[in-house]
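S.K.:
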Amino acid sequence: MNPADPLAALAPLRAPEAIGAWPPAPGWWLLAITVLAGITAGAIWLLRRYQRNRYRRQGLEVLTRIEERYQQNRDPIACSAAINSLLKRVALEAFPQRNIAALSGQDWVDFLQDSGAGVFEPVFADLHYRPRADHMPIETLLTQAREWITQHEVTA
Numbered sequence: 836m837n838p839a840d841p842l843a844a845l846a847p848l849r850a851p852e853a854i855g856a857w858p859p860a861p862g863w864w865l866l867a868i869t870v871l872a873g874i875t876a877g878a879i880w881l882l883r884r885y886q887r888n889r890y891r892r893q894g895l896e897v898l899t900r901i902e903e904r905y906q907q908n909r910d911p912i913a914c915s916a917a918i919n920s921l922l923k924r925v926a927l928e929a930f931p932q933r934n935i936a937a938l939s940g941q942d943w944v945d946f947l948q949d950s951g952a953g954v955f956e957p958v959f960a961d962l963h964y965r966p967r968a969d970h971m972p973i974e975t976l977l978t979q980a981r982e983w984i985t986q987h988e989v990t991a
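Taking my numbering, the leading residue of the sequence shown gets 836, the next gets one more, and so forth.
Encoded structure:
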């Protein structure tokens, strides 16, 4: 060692330790909490939506059974009455705050038109008053009922 060279007494340079991944910076914690809250809120929303639409799924199951019964018996009067009854039950479940049970005739069809975005044709109002049952458009009625059950809008 040379006493005249003070730099020679210094220790050699060391590389710093690598920066660890743990614990993460506060921004990463905030991002993780936000993403987790978003996923949780989305899952809760989907679950509630699924539960709110249970009556629709049940209505479609009943409508399928009505259609199967119609294919076996070919009784259009019983089929149209069953469809009407089903639509009333679905409407009572979807709109509990409205006086749906009292609706009949053109008022009932108007309600179905208003809540179902115009799915039903005006012919639905006079199905029970037709003189000949063989002229009833049951396939059309089944299709319209299926569309109304899936597409009606529930307004608060």
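A virtual CB, placed ideally from N, CA and C, is assigned to each residue, including glycine.
Bear in mind the structure is a predicted one, so any value in this text is a computation, not a measurement.
Can you give the Cα-Cα distance for leucine 845 and alanine 853, rounded to whole angstroms?
M.R.: Taking the straight line joining both Cα atoms gives about 23 angstroms.
S.K.: Using only the alpha-carbon positions, how far apart do isoleucine 868 and alanine 878 sit?
M.R.: Approximately 15 angstroms, taken between the alpha carbons.
S.K.: How about alanine 936 and leucine 927: are their beta carbons less than 8 angstroms apart?
M.R.: Against a cut-off of 8 angstroms, the Cβ pair of leucine 927 and alanine 936 comes out as a contact.
S.K.: Taking a contact to mean a Cβ-Cβ separation below 8 angstroms, would you say isoleucine 918 touches alanine 980 in this structure?
M.R.: Yes. Within cutoff.
S.K.: With a cut-off of 8 angstroms on the beta carbons, I'd call serine 915 and isoleucine 973 a contact; round off their distance for me.
M.R.: So it is a contact: roughly 7 angstroms between Cβ atoms.
S.K.: Tell me which residues share the same chain as glutamate 902 and place their Cβ nearer than 6 angstroms to its Cβ, disregarding the 5 neighbours each side in the sequence.
M.R.: Excluding sequence neighbours, glutamate 902 sits near Leu977.
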